[in-house]
Each structure stands twice: as C-alpha cells, then as structure tokens.
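Data block below; observations after.
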Amino acid sequence: MTLLKNISLGLFLCVSSLLIAQETAIYTSQFKDYQKALTLYNNKQYKAAQSLFDDIKYNTEDDLLKSDCSYYIANCAVRLNQKNADDLIEDFVEDYPTSTKRNTAFLDVGDFYFENSDYSRARKWYEKVDENSIARSEQDKYNFNYGYSLYATKNRTGAEKYLNRVKENGEYTEQAKYYLGYMAYEGDDYDAANDYFEAVSDNEKYKEKLSYYQADLNFKLGKFDKAIELAEAQLPKSNEEEKSELSKIIGESYFNLQKYAEAIPYLKNYNGKNGRWNNTDFYQLGYAYYKQDDFENAISEFNKIINGNNSIAQNAYYHLGESYINLNKKTEALNAFRNASQMPFDDKIKEDAWLNYAKLSYEIGNPYQSVPQVLAGYLEAYPKTLYKEEIETLLIDSYITSKNYKEALNLLENRKSFENKVAYQKVAFYRGIELYNEDQYSEALNMFEKSLSEPRDNVFVARATFWKAETDYNLTNYNDALIGFKQFKQQDGISELSETKNLDYNLAYTYFKLKDYSQASNYFKLFIDRTKEDKLRVNDAYLRLGDGYFVSSDYAKAISAYDKAIGINEIETDYAAFQKAMSHGYMGKASTKIKELNTFIIGYPKSGLRDDAMYELANSYVKANDTDKAMEMYDRLNSEYKRSAFVSKSLLRQGLVYYNSNENELALNKFKKVANDYAGSQEAVQAVSTARLIYIDLGRVDEYARWVKTLDYVEVTDAELDNTTYLAAEKQYLDGNTDAAITQFNKYINAFPSGIHAVKSHFYLAQLYYKKELFDNAKPHYKAVVEAAKSEYTEQATVKLSEIYLNDSNWSEAILVLKQLEAEADYPQNIIYAQSNLMNAYYQTKDFTEAESYAEKVLSKSNLDSKVKNDAQLIIARSAWETGNESKAKSAYAEVQKTASGIVAAEALYYNAYFKNKDGKYAASNTVIQKLAKDYSSYKLYSAKGLVVMAKNYYALDDAFQATYILESVISSFPEYEDVVAEAKQELDIIKSEEAKTNSSIESGDN
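Mature numbering (1 follows the signal peptide of the UniProt record, and there is no 0) puts the sequence shown at residues -21 to -1, 1 to 986.
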C-alpha cells in the first residue's frame, strides 16, 4: 500500500514536473515574442508589433501579459491612425482598471497627438490624466503640452494655468513665456505681453518672431518712435506679408506722430487683410494726403469709405467735403457734408458739416430737400449759432432762388416778420407765373392775389397786377383784365419791366374782346408805332386793327391795315387778303372784289378760307348778273369742298338763280338736294319754302305734299308754333338770362326735336351749359350739332365737344371728334388745334406711332405758337423714347430743352443727363443734373431719376462714396417712386458687391 502510494506519488511528481516544464517553456516563448513585439514597437514598426501583440494576447493566459498587450495594441492603433484607436484605448482602461499603464496610456496618447500637432485630440487625452500619478520628471512636459494644447484650442484661461507652472525655470520656461506673452498680446494686455517678450528676446528662436509683435506692442502702448525703430529694423528680414504688416505699423506710428509726409509711403505699402483694406485704412491715408494739401489723392482714399457709421467715418466724410471744396467740386462736397451732418458721433463736426451743407445748398441747390428746409433746419437745430444772422439772410433769399415756390409758400405761411412778408410777396408771384405757364389759370389767379395782399415791393406789385390781368384775360374775365392792365399802366417805374413791352397790345386785345373797337384800334396803333422788332405781333396787330375797322364799317382803313399785314407776311396773310376783298365789296367796288377773290383762289390753294372765297365770288357774279360764271363757281365749290358749310348755301343760291330764271325743274333739283342732304338747316327750311312756291306755280301741290311728308323736320301746320317757341328762347339768350334761356331752349327741343331751329337751339343750349361748367349737360347738345348736317355752328361745336372729351380724359371719343375736326375745319387754327390734341390723345392711349406722326404734322405748320411747338417736340421725344428710338428722343428732347419751363424743363434736363451718361460724358452729365437740382428741385420725380444717373456717373468716375451715398439717399428720400428706388437698390448692390472685393468694411461691418 505504501509502495503503491510511493509509486503514485512518484508518478504524480513526474507528471507535475513535466507540466511545469511545459508551462515554463510556453511562458519563455511568449516572453520572447513579447520582447520581440516591444522591439518592433520601439522601432516604430507599429503594424508588425500590433499583429504580434495581438497573437500573444490571444494565446496567453497571463492577465498581466494580456493587459500589457492590450495597452500596446491600442497604442499601435493610435500611431497607425486606425479608426478604432480611441475605442481600443477606452477598452483597455475599462478592461484593466487596475493596470499601472492606465495613466501612462492617457499621457502617452496625448503626447502622440501633441507631437503630431493634433492639439484637439491631445487635449482630450490630457484631460483624462491623473496629474498626481505623473512622475516628477514628466510633470513639466505634461504641463507645457497640456497648456499649449489648451492655447491651441482657444481655452486661454486653462492654457495660462498650465503654462504658468513651467514659466519660471526648466526646459519649457522660454516657450511658456513666449506663449503667455502672445496670449497677453492677443488679450490687449500689452504691458504683460511686453514683459514676457522681453524675457525671451535674447533667444534666437523667438527673436525674429518677436520683432513684429514688439513693434506692434510699442505702437499699441503709444511708444510710436520705438515702434518705428523696431519695425524698420525688421523690414529687410521680412517676407511680403510681414513687410505689409510692418509698413502698417510704421505708417500708423508716423500718422499718430502727425508726420504725415513720412506716413504716406508706409501706409501705401500696406496690402490689407487678405488683400483688402478697411475704412480706417482708407481714412488714415486720405487724411495724410489731406494734411499735405494733396486733395486729389485725399478724395481718392476718402471716397472709398462706404457704409461708414462711426466717428472715423464721420471725420472722413467731413474732410472729404473740405477736400472737394478746395478743388471747387461743390456738388460732391454737398453730399459729403450732408453725410457727416447726419452722424451723431462728434457734435462739433456734425454742426460744422451741417453749416457747410446749408451754405452749399443755398449756393448750388439741393436735390434731396428744399433749400429753405435745409437752412431752417440748421437754425432750428442750432438756435445760438454764431452764424444765425447770415443763415437767416440766406433763408429769406432762398425762398426765391430755390425756385421751389410751392414748398417755399408752405414754409412762409406762418412767418410774420417784415422780411418774410417781402419774400412771401415775391414767392407767391413766382408761383403764380409757374402755374400760369402750366395753363392752371384759376390757381395762378389765386397766387397773384396773394402776392398783391402783401404789397411790400413796388416792382412786384406792378408785375403781379399785370399778370393777374393777363390771367383774367385767359379766363375770359375781360372787364377785370381791362381794369388790371389799366392799373398796371398807372404804376410808377414800370418802363424797365418786360411786361410793359406789350402792354398796348394786351389792352388792344382786351378792348377787342369787349367789342370796343374804337379803343382797340387806338391801342393797336400805339403798339404798332412803338414796336419795331416783334414782326409776328405787329402782323397780328394789323390784322386785328383791320378787323376793328371792318366791324365798324370803316372799310378804307380796314383795307389799309390788311395791306400792311400782307406786307409783313408773318401770319394769316390769306385771311387779310380775303378780308380786303370783302371790304372792297362793302365799299361798292364789285369788280375789284371779284378780281381780288379770283386772285385769292389762285394764290392761296391751301387756305381754309378758299371755300369762303368761292362762295363770295359766286354771289358777286350773281349780283353782277354774270350767272354763268356764278353757276360755274358754285359747282366748283360743291365739287372741291363737299364737306364745306357753304355747300348747302351754294346749292340754295343755285336753286334761287334757276328759280329767278324760270328754270323750275333745275331749281327744284337743287332745292330738294338741300332739303334732303342738309335736313333741319336754315338753308333746308328756305329750300322747302321756295320749292313750295314753284310747286304752287306749276299746279303740282299734291306732289309737294307727298314730298314734304318725307321731311321729318317740316310740319307746315306747326311752323308758326315752332318759330314762336324758338324766338321765346332766343330772346332770353340775347338778354343774358342764362337760366331762363336754358329752360326755354329745352322746351323748344322737347317740343320740336327735329324743328326748324333744332341745330341752332342745341348749339346755344350747349354754350350756356358750358359757360356754367355743366360739361356733362353740354356734351349731348354739342354732339347733336356735330352729327347734324354741317352748318355755321358745326366747327365751333366740334371744338367744344372735343374739349369736353379731352378734359374727361375720354381719349377714344376725343380722337373721333378731333379727326372729324381735322378733316372738316375751315379755320387753320382749328386744324392745328385738332392735330395738336390728336398727338396728345394718341400718346395717352399709347399709340406712340400715331402720336409721333401728328406731332410731325403740327411742326410742319409755319408760324406756330411756341407752346404748341414745344408740346409737339415733347410728344415726339416721349413717343420716340417709348418706341425705343433713343436717337430721335435725344434730338427731340434737345429741342424741348431750348424753350421749356417747369416740369417739362425738368424732364428735358433729365434726358439730357441720361444721354450724356450713355455717351460716356459723365462729368458733363453731372453738370446737367446739378442744374436740374438747383433750378427744378420741386419736381421730385426727375430729381430722383437724375440722382440715379448721377450715381452711375460718379461710379464711372471712380468715386464710390458719391455713387453709394447718392443711391442710399434716393432710397431713403423718395420712397413714393417705387421704380426709381428699385433701380437705385439694384445699382447699389452692384457697386457694393464690386467694392467689397477691396474693402473689407463693406461686408464685415468693420467701419
């Protein structure tokens, strides 16, 4: 038993020894592999090492060895930048929480990332390190690395904590001080930064880097001489970027030492941040040039400051204004001072800029607001200014010089001083003239009355008296006009006034309208005797003088006057010739009348009086018993002038000639044509009456009765009632009883809608309604006259009906009536009236081709009234613009500008500027817009449009400030003009986008 036990024990011991031997062999082999893997790791053969560590870990049962292998596997993954590296480190720490390599793992990975400049990852692992477990020899390295990682990842407070631990001594002292200094520099703690930088300044490693920072530090500490010294010493050793920054330090240092000449070359050598300057950079160089009196270059820099909104910008804009003034660029200065005056940063600059802005506004005009508003605004803001008296004087005068009379009146209404009342008198007068020129006579009359209510200046009392009379004349208030002209004539000191020149002419016409032909003739003669140059008016005066004599039956004098008019040959020569022939007839010189009428018909083939002449000539032949020639002339009239009002009369006269010659059938043919074709006319009534006699003579009464029943305007039994009713209405009309006449004429038309006197009644009724300004009531009656057979009332009714349609802006109806007037008018002035209004009506309906065509027709007429001529040129200009014919629009607007006033002048000036801009004549375009701003600022639309063109001009002239400031002002000042504002915004975006390429302040807001 014991033996067995011994044998068993021996066997056990033998087996046990064998197992131990085997385990030792395995362990030895694994240890060798581990050492081999460690050698590979230390030789940075991380892939091979990781693979071997992985095999060892997989095959070993030793926990410690597994732990160490896991550590190195993770470390290799980190160094191999494997995606799961961080996870392997985390797994190692979690799987082996008691491993002595736990802290080493964090530290080692952190150091790896640090050495590879991955400071964010380094910081992550340094944060996990247990600082108390770090070996003393490793603590400085950890503190520096962790501190720098915090610095690199923008944790300044943490960085300072760890770097401060190593700043006093040791391997990392100088590095720590350098970075602590740099952080102090970045944090604007320039004294601390300077101390740190001084401490490491002897180290060659930092010496070069520190030169820039020390120069900048001294600059920021106000030690400008030292900054210049350091920066200039560093310049030769620097690259281009460093040279740029050092030049900026030197330039700004000289700038702050007020050594502007020395500053300029260095400021110019600065390249900006990323190739772009900011507004402060432009200001410093601009101001340096300004202090050298180099205003051109100063402007070139200042005007690159766009969107400036701080004290530097305010200062820059103020000095930009002064620079412009020194170069006599007052329009540009106005904008710069205005901008500076609107900024709140420096009160002294604000006040001085506003003063300059106000004075310049007075001198050259202001496109943004009226000059009186600017001056009054300055006085309101600075009531104690030393310039109060000067500005008040300018304010009074500006009410007139600005020509913005409408706004000036609003400002003057509540000002009571004597000086303001003098200004009020003048401004009201000029506003009246403005309204008069725009044909707004009622409003003009009100202004002249207002001017006369403040009779302070005798010259303006006289002028307002004259123009009030002129306005009354245009309003057909002839008695008031006469009183006014006489009052003007009695004023003292009027001999030098331009109004005096044509006073006799005006008085003559007023008497003429009042039918006082004797007095009219006296004044026409006075005017003719005193006038030599004005041939057009003298010609007209002779015509009216002849008319006065003619109406007064003084035919010899009439002939003499008409001869003088024919001799001048400026206007209406055909009229004078016709009147002269008629005068001979009234004097009993039938043969002379016949001779002159024949001469007239040949000599004036296009005269509107030619049909009159034919009719009168035929009548004269009848009187001379030369019926063959008479009938021939009647036939010629009927053939050549089928739409003439004389055709019905001519046919009637032919019928009477046949009747008197007992040629009854021929007579009946003529009478029936008159009765059928000219129903309701006086000639038709007489034709029926005479035909009745013929039928009675021929015993064919039944035939007459059948025929007359076909004529709805003839009721033989009602004829007496017809005449009686009409005469009752006409009596009230002739007696001037307007309302009673209206009632009676309406009664007549209701009772006899197709009566003998229907056309005449419609006409008189229309005239009465028109006079009472009851235009809608007048319209159907004028229409009835126009649509009836042509009569002596047709032409006048057509004119009046067209006026009503035009005043109602009923363009389509107006066109129809005006076309009829153009085709049928006997009087040349009515043809011109029709064509001039057709051109406007077609323009209003956007038929620009027809509008332009009619305007050309109007301009083809000789001796046109200047206003009609101007209107035609304007329609051509506008129509050409609308149809895209800019070349024609350009030349037409040039013609318009020669004589235009008011809003039309503003429009013409705008297009002048527009076309100059398109031709690349930017400075010339701006000169035109300056005139527009000074003389026509009250017409806001064209001021706004002109400013947009001005902005384009300035940008083309490389003045970005003027361009952007003007566009921003348009956007803020003229919101009511949406199209203009939209264009301004578009232009502004384009300019800012372009300027942002070189000016960082535009997009960054670093002003």
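C-beta: ideal position from N, C-alpha, C; glycine also.
Restricting attention to alpha helix (DSSP H) runs no shorter than 4 residues, the stretch 790 to 833 encloses them at 790 to 803, 807 to 823, ordered along the chain. 7 Å or more divides the Cβ of residue 518 from the Cβ of residue 535. Unbroken alpha helix (DSSP H) stretches of 4 residues or longer found wholly inside the stretch 183 to 257: 183 to 199, 203 to 213, 219 to 235, 239 to 247, given in chain order. Ranking 846, 842, 873, 810 by CA distance to the CA of residue 833 puts 810 first. The criterion of a C-beta distance shorter than 7 Å is not satisfied by residue 328 and residue 303. With a beta-carbon spacing of about 5 Å, residue 803 and residue 622 fall inside the 8 Å limit used to define contacts.
In this structure residue 265 does not touch residue 245 by the C-beta definition: roughly 15 Å separates them, more than the 8 Å allowed. The C-alpha of residue 312 is placed about 35 Å away from the C-alpha of residue 225. Contact annotation: residue 427 and residue 443 have beta-carbon atoms nearer than 7 Å. If you look at residue 577, you'll find it in the alpha helix (DSSP H) that goes 569 to 582. Distance check between residue 239 and each of 134, 745, 271 places 271 closest, using alpha-carbon atoms only. Your pair residue 75 and residue 49 checks out as a contact, with CB atoms roughly 7 Å apart and the cut at 8 Å.
According to DSSP, residue 548 shares a beta bridge with no other residue.
In this structure, residue 551 sits near residue 522, with a CB-CB distance shorter than 7 Å.
Between residue 923 and residue 946, the C-beta spacing is not below 7 Å.
Here the alpha carbons of residue 119 and residue 201 stand approximately 37 Å from one another.
Non-local C-beta neighbours of residue 905 in its own chain, meaning closer than 6 Å and more than five positions away in sequence, comprise 929, 932, ordered along the chain. One alpha carbon belongs to residue 310, the other to residue 343, and they sit about 7 Å apart. Residue state for residue 864 is assigned as coil, using DSSP reduced to three classes. Around the beta carbon of residue 530, fewer than 16 other beta carbons sit within 10 angstroms, so the residue counts as exposed. Pairing residue 35 with residue 70 gives a Cβ-Cβ distance that is not under 7 Å.
By the C-beta density criterion, residue 292 is buried, having at least 16 other C-beta atoms within 10 angstroms. When DSSP states are grouped into helix, strand and coil, residue 643 belongs to the helix group. Note that the C-beta distance between residue 569 and residue 580 is not below 7 Å. Distances from the alpha-carbon of residue 324 to those of 294, 314, 349, 299 put 294 closest.
Proximity to residue 589 across 541, 575, 482, 745 peaks at 575, based on C-alpha coordinates. With a 10 Å radius around the Cβ and a threshold of 16 neighbouring Cβ atoms, residue 584 comes out exposed.
Within the same chain, 659 come within 6 Å of residue 737 by CB-CB distance, once the 5 residues on both sides are set aside.
Each of 549, 884, 732 was checked against the Cα of residue 841, and the nearest Cα belongs to 549.
By the neighbour-count definition (other C-beta atoms within 10 Å, threshold 16), residue 632 is a buried residue. With respect to the 7 Å criterion, residue 493 and residue 457 are classified as neighbours on the basis of their beta carbons. Rounded to whole angstroms, residue 401 and residue 407 show a C-alpha spacing of 10 Å.
Annotated as distal: residue 662 and residue 640, with beta-carbon spacing of 7 Å or more. Of all C-beta pairs linking the stretch 271 to 291 to the stretch 244 to 260, three or more are shorter than 8 Å, placing the two stretches in contact. Residue 479 and residue 742 have their C-alpha atoms spaced approximately 39 Å apart. Buried is the label assigned to residue 405, since at least 16 other Cβ atoms lie within 10 Å of its Cβ.
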